[in-house]
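Each number in this note's numbering comes from the position in the sequence shown (counting from 1) with 2 added on.
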Amino acid sequence: MNKLIIAPSILSADLANLGADVKAALDAGCDWIHFDVMDNHYVPNLTFGPDICRALRNYGITAPIDVHLMIKPVDGLIPAFAKAGATSISFHPDATSNIDATINLIKQHGCQVGVVFNPAVPLDLLSSLKGKIDLVLLMSVNPGFGGQSFMPHVLEKAQQARAILDLWQDGTRLQMDGGINKDNIAAVLKSGVDTVVAGSAIFGYPNKNYIAAVNSLRV
Ligand code: DX5
Ligand code: ZN
């Protein structure tokens, strides 16, 4: 099993002090930065572009930046995010007309590849991705906003995904995103998830006590 990775989502960060807030979360023990990109087309919200990713790199953030593209179409922005310093780029299969072409485009630009499954989407596609991807992201909320309630039915899907990834034996990570907090983290980890996205549970923690926030998730 891979080492547990905690990836705070900047969606819930103090956006007026983004660089400092991201640094504080990493200094508190977070591992990656989860960078939620929304286009007000694939999801009814609008967030960050490649320039914000570049700004974090210029600020001195060296940790992996895990870009989650909730955009459609998706291919056009992959080169820009790769150039802006993305470490991995995850996309929703229903946002592209050619999944393999999108995977290859991400790889051609030097980034790791993630494929995202929304809560109601079955894992049927997963077996065809063997050997092609680095990360599977299971949404535990419908994409679009932070601070939503966790959908427990996704835990069973995570167990199914973990069983498939264990057969692959290639280190592909199993990530979950949405509504994860101290009350459900044990169940999330028990389901076989090894990479956790948390926005409000970290950046929303009282008094910006990110050490306490991270400790609440490292059960
Ligand atoms: C949904 C976003 C959120 C975010 C996490 O599109 O992807 O899931 O990253 O937000 P919290 O942890 O506050 O649910
Ligand atoms: Zn996300």
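Glycine included, each C-beta is placed from N, C-alpha and C at the ideal position.
List, from N- to C-terminal side, the alpha helix (DSSP H) runs of 4 residues or more that fit wholly inside the region 68 to 139.
Runs found: 80 to 85, 101 to 110.
Do you know offhand how far F83's Cα is from P52's?
To locate residue 83, count along the sequence shown from 1; it is residue 81. To locate residue 52, count along the sequence shown from 1; it is residue 50. Roughly 5 Å between the two C-alpha positions.
From which residue to which residue does the alpha helix (DSSP H) around A15 run?
Walking along the sequence shown from the start, residue 15 turns up at place 13. Looking at the DSSP string, A15 is not in any alpha helix (DSSP H), and its letter there is neither H nor E.
Let me check you understand the geometry: is the CB of M3 closer than 8 Å to at least one non-hydrogen atom of the ligand ZN?
Here residue 3 refers to the residue found at position 1 when the sequence shown is read from its first residue. Checking every heavy atom of the ligand ZN against the Cβ of M3, none is found closer than 8 Å.
By Cβ distance, which residues of its chain are closer than 7 Å to N42, with the 5 residues on each side in sequence left out?
Translated into the one-based positions of the sequence shown, residue 42 becomes position 40. Exclusion of the five residues before and after N42 leaves L48 as the residues of its chain whose Cβ lies within less than 7 Å of its Cβ.
When burial is assigned at 16 or more other CB atoms within 10 Å of the CB, is A27 buried or exposed?
Translated into positions along the sequence shown, residue 27 becomes position 25. The residue in question, A27, is buried, as its Cβ has 16 or more Cβ neighbours within 10 Å.
Contact defined as beta carbons within less than 8 Å: I believe T89 pairs with Q114. What is the distance between those atoms, to the nearest angstrom?
By 1-based counting over the sequence shown, the position of residue 89 is 87. By 1-based counting over the sequence shown, the position of residue 114 is 112. About 7 Å separates the CB atoms of T89 and Q114; that is less than 8 Å, so the two are in contact.
Burial state of M3 (16 or more Cβ within 10 Å):
The count along the sequence shown starts at 1 and reaches residue 3 at position 1. Taking every protein chain shown into account, the CB of M3 has fewer than 16 other CB atoms within 10 angstroms, so this residue is exposed.
Tell me the rounded alpha-carbon separation between L79 and L20.
For the purposes of this step, residue 79 is taken as the residue at position 77 of the sequence shown. For the purposes of this step, residue 20 is taken as the residue at position 18 of the sequence shown. Each residue's Cα considered, the two are about 22 Å apart.
On the three-state DSSP scale, how would you describe I244?
Residue 244 lies beyond the range of the chain shown here (3 to 221); nothing can be said about it.
Going by CA-CA distance only, name the one from V45, I67, Y44, P46 that's closest to I54.
Taking the first residue of the sequence shown as 1, we reach residue 54 at position 52. In terms of CA proximity to I54, I67 leads the group V45, I67, Y44, P46.
Could you tell me whether the Cβ atoms of V117 and V143 are closer together than 9 Å?
Here residue 117 refers to the residue found at position 115 when the sequence shown is read from its first residue. Here residue 143 refers to the residue found at position 141 when the sequence shown is read from its first residue. 9 Å or more divides the Cβ of V117 from the Cβ of V143.
Quick check on DSSP: helix, strand or coil for D161?
If you number the sequence shown from 1, residue 161 lands on position 159. Note that residue 161 corresponds to Gln in the displayed sequence, not to Asp. Helix.
The ligand ZN heavy atoms versus the CB of S142: any closer than 8 Å?
As a position in the sequence shown, residue 142 is number 140, starting the count at 1. It does not: the Cβ of S142 is nowhere closer than 8 Å to a heavy atom of the ligand ZN.
Considering I35, what are the terminal residues of the beta strand (DSSP E) in which it resides?
Residue numbering aside, residue 35 sits at position 33 when the sequence shown is read from its first letter. 35 to 40 is the span of the beta strand (DSSP E), which, as asked, contains I35.
Which residue wins for smallest C-alpha separation from L131, given the options K184, T104, G87?
On the sequence shown, residue 131 is found 129 positions in, with the first residue counted as 1. Closest by alpha carbon: T104.
Using three-state DSSP, classify A30 as helix, strand or coil.
To locate residue 30, count along the sequence shown from 1; it is residue 28. Look at A30 here: in three-state DSSP terms it is coil, with no helix or strand label.
Residues sharing a beta bridge with D23, DSSP:
Residue 23 sits at position 21 when you count from the first residue of the sequence shown. D23 is not bridged to any residue.
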